[in-house]
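All residue numbers for the sequence shown refer to my numbering, where the first residue is 2 and numbers rise by one. No residue lacks a Cβ here, since even glycine has one placed at the ideal position from N, Cα and C. None of the values given here were measured: they were computed from a predicted structure. Read the structure below first, then the notes.
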Amino acid sequence: MRKIVDKSMSGQTWMLADYFNNTNNPDNADVLIENILANRGVSDAAGRERFLNPSIKEYMPDPSVLTDMDLAVRIIADFIARDEKIAIYGDYDVDGITATAIFVKFLRDIGADVIWHLPTREGEGYGLNTAAVNDLYASGARLLITVDCGISGCKEVENAKKLGMSVVITDHHSPDSVIPQADAVVNPKRNDDTSELKYLAGVGVAFLTLVALRRELKARVVLDEQIRERVSDLNLMNYMDCVALGTICDTMPLIELNRAFVTTGLKILGLRQNLGLKTLMDVSEIKKPTVYAAGFALGPRLNAAGRLDSADPALDLLLTDNPLIANDLAQQLHKMNQERINIQNAIMIDATDQAQKCCNAGNHSLFVCGDNWHGGVMGIIAGRLKDKYNLPSCVATRCDGIINGSGRSIPGIDLGKIIHDALASGVISEGGGHAAAAGFSLPVENETVFREFLENAVRDAFGGQMPLPQVVADADIDAGGATMDLVKRLKALEPFGQGNPEPTLILHGGILKYASVMGGGAHLRGTVITSSGGQLPFVGFNLVGTSVGDFLLDDANINTKIMMLGQLKENEYNGRINAQFYLEDVAI
């Protein structure tokens, strides 16, 4: 990498990703795309072809590569063949809800006897719950299947086994040193798993389990003919909208099989076959499904139920075939999401004040905590603080002698490992997660100890140095090259998301023509004149009141040559389509 700007208007250092093809003009669109892909680990022609045209057929592995998969589906198939009741135990986030939905759909579609349970965030918390397992057993379930959870439920699995239940775990979270003694444990993050599928979401693991289960059932010699016929008629691709949604909302890297899942799933979502998702798209005013629409419109509404109360309405929406029920549930989730936003905004004020004090004290991490804050928005606020301060951030609520919280991290700091280490050290009572996100619980008397443990761990990971606010751009080009042709080339890299972010460009040579406030005073728009004499419009969201916004809105800076950092996208207005730059930062 090489440095382009030492300090921008927002105080960031701009770095340029390595160029692997230095023999050609970097403004050439073909060369630019090749270099972007090379920086994402795709450097040969065959790899570029697979990346640009991802298909499930191309990337789909044999599900048997996952440890315990064959054992798991044999157990499930046995219960289906004997017509015994099966319980699906999920999670209250979108990944857990969609994983539960596709498993329940599959079992219902083939005529199996199935019930399900999603835990409440506040009452039961994440993962298996002994009381809930007991209730499922009392309801007649003799096989317990977990989706997007279970890998840390040693005690609960032991309880289920004592009751006489068989237990199959499907999960994607990092296991502790000891895994539950279930009948089968399917998790690509097991130490003895060699599938190289650690990037899958919980719904991805669940989907592969269904692929293997369908194959197992079709191979059965002794099986009810009606079930056999239904299994043969089943098209698992119809579940791909849910798989894509869960993968996107759990911010899994959009690489390899995940990329194929999301590309295909968005197409299925566009067909609006799932009545619940179709209705929610209508309520959310989504015309075309995209990663952004899934992550920032559908996802928050599905998540809102589990954040505020029970996630059951979200799951019911995905399962219903009744238009009236679907509309009622979609409207309910829409209202709950607005309520979540109001709660979140109120807490954010206090959380930001505490975070600023941590920064003023020179902390390498942020830990903020309040009395009786709503636990359902801790993760969202942690993410906002992480983005604002560029530091690993944990946000927690203090209630009835217990602190429950969520954390979000920046690249290079494995928060999941820190939380696992805190659990092993006895600093916290519960916890788990992955590099970018984690959750935890601890007694209030350990608050100071945990705060110090977190700070020491992050400081050591930083080597004692504060992280520099830095952004790495994919390309540095003349503003005159920001055309619709380049927009189309960049769109070929979709879907964008975790692991495949939308390319960030540095544009140089633009002369500021004008800038003005829009969108109720928070956003701005403007135009630059390019070296070719053309005009390139730009928009900047939430820039009013920032150093970048102040500079652009100052009339004294009109006709100043500037460098711009952001993304180049397609903009449609009044039937006209043009290239527009989504501005994040400016330098001169």
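In the DSSP assignment, Thr147 forms a beta bridge with Tyr90 and Ile170. Counting the other Cβ atoms within 10 Å of the Cβ of Val378 gives 16 or more, which makes it buried. With fewer than 16 other beta carbons inside 10 angstroms of its own, Asn323 counts as exposed. Put simply, the region 556 to 566 touches the region 581 to 589. At least three CB pairs are less than 8 Å apart. Ala306 sits away from Val204, with the two beta carbons spaced by 9 Å or more. In this structure, Asn54 is the residue among Val292, Asn40 and Asn54 with its C-alpha nearest to the C-alpha of Ala493.
For Val232, the enclosing alpha helix (DSSP H) covers residues Glu226 to Asp234. Beta bridge pairing from DSSP links Phe368 with Cys395.
With a contact defined as Cβ atoms closer than 8 Å, Ala102 and Leu316 qualify at about 6 Å. A Cβ-Cβ distance of about 6 Å is found for the pair Val105 and Leu320, placing them in contact under the 8 Å criterion. According to DSSP, His524 shares a beta bridge with Met519.
Looking at the DSSP output, Thr14 bridges to Gln471. Counting C-beta pairs closer than 8 Å gives three or more between the region 72 to 84 and the region 213 to 221, which meets the contact rule.
Per DSSP, the continuous beta strand (DSSP E) segment holding Tyr574 begins and ends at Lys562 to Tyr574. Straight-line measurement puts the Cα of Val540 at about 53 Å from the Cα of Val168.
Between Leu258 and Tyr200, the CB-CB gap stays under 9 Å.
DSSP, read as helix, strand or coil, puts Glu431 in strand.
Secondary structure at Ala437: coil, using DSSP grouped into helix, strand and coil. Counting other Cβ atoms within 10 Å of its Cβ, Asp475 reaches 16 or more and is therefore classed as buried.
Contact check for Val292 and Ile249: beta-carbon distance about 6 Å, within the 8 Å limit, so the pair qualifies. In the DSSP assignment, Asn338 falls within the alpha helix (DSSP H) that extends over Pro324 to Asn361. If you draw a straight line from the Cα of Gly482 to the Cα of Val529, it is about 13 Å long. Between the region 232 to 247 and the region 265 to 280, the count of C-beta pairs closer than 8 Å reaches three or more; the two stretches touch. Checking the DSSP bridge columns, you'll see Trp117 partnered with Ile89.
Here Ile34 has Arg490 as same chain residues with Cβ atoms under 6 Å from its own Cβ, once five neighbours each way along the sequence are excluded. The continuous stretches of beta strand (DSSP E) do not include Asp71, which lies in the alpha helix (DSSP H) extending over residues Met70 to Ala82.
Three or more Cβ pairs closer than 8 Å define a contact, and the region 53 to 68 falls short of that threshold against the region 79 to 96. For the pair Ser548 and Gly12, the CB atoms are nearer than the 9 Å cut-off. Following the DSSP letters along the chain, one finds Ala261 in no beta strand (DSSP E) but inside the alpha helix (DSSP H) bounded by residues Glu257 to Leu272. When DSSP states are grouped into helix, strand and coil, Arg577 belongs to the strand group. Where Gly247 is concerned, the enclosing alpha helix (DSSP H) starts and stops at Met241 to Cys250. In the same chain as Thr195, and ignoring 5 residues on each side of it, the C-beta atoms closer than 8 Å to its own belong to Val66 and Thr68, in chain order.
Per DSSP, the beta-bridge partners of Gln536 are Ile530. Linking Asp486 to Asn405 through their CA atoms gives a straight-line distance of about 49 Å. According to the DSSP assignment, Ala476 belongs to the beta strand (DSSP E) that extends over Ala476 to Asp479. Annotated as distal: Met238 and Ile98, with beta-carbon spacing of 9 Å or more.
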